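Okay, structure first, notes after.
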């Protein structure tokens, strides 16, 4: 053991305890993965660890059973089926009405909350005795913006595809419910924590929470009746795993679109996977629904298939860690700033035993991981199980529905036949009996969800406003034909608002105008979609420009005091006007609203560029050579550092023997000999581990992992009980890591554990631990822990991205070495 470990550890723990107690007094204003919600999760984790350690002296089977019990408490990872229920007594008919709103993981997301708010308001306005409930499988509102902290791996599906570094790609004013702006001084492009907090604030402000049944899962629904009358029979499982039954006249599905991943496959991929099992990084193919942290791909070569929003985000994030990141696309695409080192590839043709072939004949043989950013399927399992929704991937016309007696059909992209993407036109039940909220894509969710919810609620309260089913079917056929005349296939684009951005705005206006014409809502003389919302779309470079303001540290000044919708619109107008006035001195007229023409780029010829670079003076000895020496020392290239020191006549900042010692320690950790590494660290400097409780714990954790890797379960249990259990009881952070490590024992083959757990056995975990030890040793030598050359390259990439907006110039192609 380490000298004075106990006394020093107690002092460290006392300091940490005081800091954490001070932090607990400050309530987290956002409530994402930090603050109150994180502490609640830690309590759950602590309970799970207590169970594990109570069974620690029993057999592996007993530990596995305990882990399965803990897993059951946290959730199975199966697709979530939730629904809000509305029980109503119709004012006009005087009989009981049960209306069900929403179902699925995101029932308490933007669609479910909007519809619930509208229904409650309509109930009070009409003095109807509707008894309204909303089923949500999670424990809070927010839908897709609510994090899922569970480690989930196929075939189970995470509750949400949300990853911690997600930020919106549209400005907040465009994403709000009508007359409910974001809080003052919110970021213009916020993180997911702000979005979840916004939905929570909306629910509390409109008193929606009492009507939401959290931790309730809708398993199945069945219509009992005919095309004129009847009711829905709904099976629900509650938070105590009890099966409940409910009935309703109306069902509204608000379960979101981003849950069931669209998994593509190619010939030869199984051979490719099998042949890569023994590689340093075993080959894998995962959908982006499982993507969380880019560090997972450190030192791996990654191929991302698809360049939508999630694919682009993953490319920008992983390229900072991966050995190489490729993106396979069908069409030309402009990747965002930060992706300069990402390599674009065409469509994948097929896999071979050794590599991945593309349609242009090229092949990649260095890929370790494939990430499928290929979108999601339009599936509603709780409707499919009762035959209410038929899955037919080849369906390309309404005849698919007619041939099945008019039942709803999904081709995985498009659910049909629906009136206005909302009401089912199946002849099995009344037109207003089954509605969908939130199906449209390429649209602003909150305002469109509210418009759809308003349309559905009014049609439930006033069914006479809807034309007969045959007229609605004819109208649908005409709409689909109009889409074909524009060169698109409605059964391919599905519920996307295409071909222009105005389609989404016109769609919302059409819904609300219809209700005005039917005189069920007042006509205020204005369009539903405000002019400022429409004009946001006309400015294509707002986000890039705003990123520049953030980089300059001026964002808080711009958003200070901004609160109302009008103020948010004015902020964007002022920003654009300011940018135009600064960048375009030739324009004598008033700048167009939100439209900032990109200034004409200057083209710099290579000869001129080389001349300009030549004029930049640097000191080879002071700057370049020291950067190289810094890299060699920190990365541990002892022989190279010695030779370079002699050639450049430059003394290193540390002695060469310490470099060799660090590399011996790193090699010991990379081969799994943790005890040897600990001994050598103590020989080098006992104070390193004596004063760093966290590092010592991670080394002990690594030793436990090595026991499990070697199948030495008895030694693992004894070591965990004697050495790690006391650490876990004293630190919540250690406790969480200890539970994660012990969870490996719950699997006969630990490699089959969920990725967040199985990664502990990957070579990357050893490298991570070795990197932390290396950094601690360098710190003890007063040597920088970060390689300055890496920081310089990142700065270069960032500078090139800014310069690229103003000039075409010969870029430094680092990937090709030129």
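Numbering (my numbering), first residue to last: 1399 to 2216. Each residue gets a CB set at the ideal place from its N, CA and C atoms; glycine is no exception. Bear in mind the structure is a predicted one, so any value in this text is a computation, not a measurement.
Euclidean distance between Cα positions of residue i and residue j
i	j	result
residue 1943	residue 1614	43 angstroms
residue 1918	residue 1856	7 angstroms
residue 1756	residue 1666	13 angstroms
residue 1961	residue 1585	12 angstroms
residue 1794	residue 1695	39 angstroms
residue 2232	residue 1532	Residue 2232 lies beyond the range of the chain shown here (1399 to 2216); nothing can be said about it.
residue 1916	residue 2195	57 angstroms
residue 1462	residue 2145	Residue placement at residue 1462 cannot be trusted, given a pLDDT of 41 that sits under 50; the coordinates are not used to answer.
residue 2109	residue 1847	53 angstroms
residue 1784	residue 1806	12 angstroms
residue 1712	residue 2190	22 angstroms
residue 1929	residue 1652	28 angstroms
residue 1714	residue 1551	23 angstroms
residue 2168	residue 2095	13 angstroms
residue 2226	residue 1682	Residue 2226 is absent from the model: the chain starts at 1399 and stops at 2216.
residue 1772	residue 1906	28 angstroms
residue 2036	residue 1777	58 angstroms
residue 1925	residue 1604	24 angstroms
residue 2127	residue 2119	11 angstroms
residue 1950	residue 1600	32 angstroms
residue 1988	residue 1879	Low confidence applies to residue 1988: its pLDDT is 40, below 50, so where it sits in the model is not reliable, and the reading given next is rough at best. Those two C-alpha atoms are separated by around 41 angstroms.
residue 1867	residue 1968	45 angstroms
N- and C-terminal bounds of the alpha helix (DSSP H) containing residue i
i	result
residue 1716	1707-1716
residue 1853	1843-1859
residue 1903	1900-1915
residue 2044	2036-2046
residue 2102	2091-2107
residue 1941	1940-1949
Start and end residues, beta strand (DSSP E) containing residue i
i	result
residue 1611	1610-1612
residue 1542	Where residue 1542 is concerned, there is no enclosing beta strand (DSSP E), given that its DSSP letter is neither H nor E.
residue 1643	1641-1646
residue 1699	1699-1703
residue 1682	1682-1685
residue 1743	1741-1743
Own chain partners of residue i with C-beta closer than 8 angstroms, once the 5 adjacent residues on each side are dropped
i	result
residue 1724	1699, 1700, 1701, 1702, 1740, 1741, 1742, 1743, 1762, 1765
residue 2106	2114, 2139, 2142, 2143, 2148, 2159
residue 1897	1884, 1885, 1886
residue 1697	1679, 1719, 1720, 1721, 2162, 2165
Same chain only: Cβ atoms within 6 angstroms of residue i, ignoring 5 sequence neighbours per side
i	result
residue 2004	2208
residue 1705	1725, 1727, 1731
residue 1749	1664, 1666, 1667, 1670
residue 2075	2063, 2066, 2067
residue 1751	1669, 1673
residue 1593	1543
residue 1957	1583
Supposed close pair residue i, residue j - CB separation, criterion 8 angstroms
i	j	result
residue 1828	residue 1625	7 angstroms
residue 1655	residue 1839	7 angstroms
residue 2171	residue 2093	7 angstroms
residue 1769	residue 1662	No, residue 1769 and residue 1662 are not in contact; Cβ-Cβ is about 12 angstroms, not under 8 angstroms.
residue 1678	residue 2161	5 angstroms
residue 1621	residue 1782	About 14 angstroms separates the two Cβ atoms, so there is no contact after all.
residue 1635	residue 1649	At roughly 17 angstroms, the Cβ-Cβ gap does not stay under 8 angstroms, so residue 1635 and residue 1649 are not in contact.
residue 1812	residue 1888	7 angstroms
residue 1571	residue 1966	4 angstroms
residue 2193	residue 2028	15 angstroms between Cβ atoms; not a contact.
residue 1820	residue 1853	6 angstroms
Residues bridged to residue i (per DSSP)
i	result
residue 1965	Paired residue(s): none; residue 1965 is not in a bridge.
residue 1616	1634
residue 1575	1578
residue 1871	None, per the DSSP bridge assignment.
residue 1835	Beta-bridge pairing links residue 1835 to no other residue.
residue 2160	DSSP lists no partner for residue 2160.
residue 1659	1774
residue 1628	1623
residue 1532	1610
Cβ shell of residue i (< 7 angstroms), same chain only, five flanking positions each side left out
i	result
residue 1582	1959, 1960, 1961
residue 2219	Because the chain here runs from 1399 to 2216, residue 2219 falls outside it and cannot be looked at.
residue 1537	1612, 1613
Neighbour flag for residue i against chain C, beta carbons, 8 angstroms
i	result
residue 1871	Included in the structure is just one protein chain, with no chain C present.
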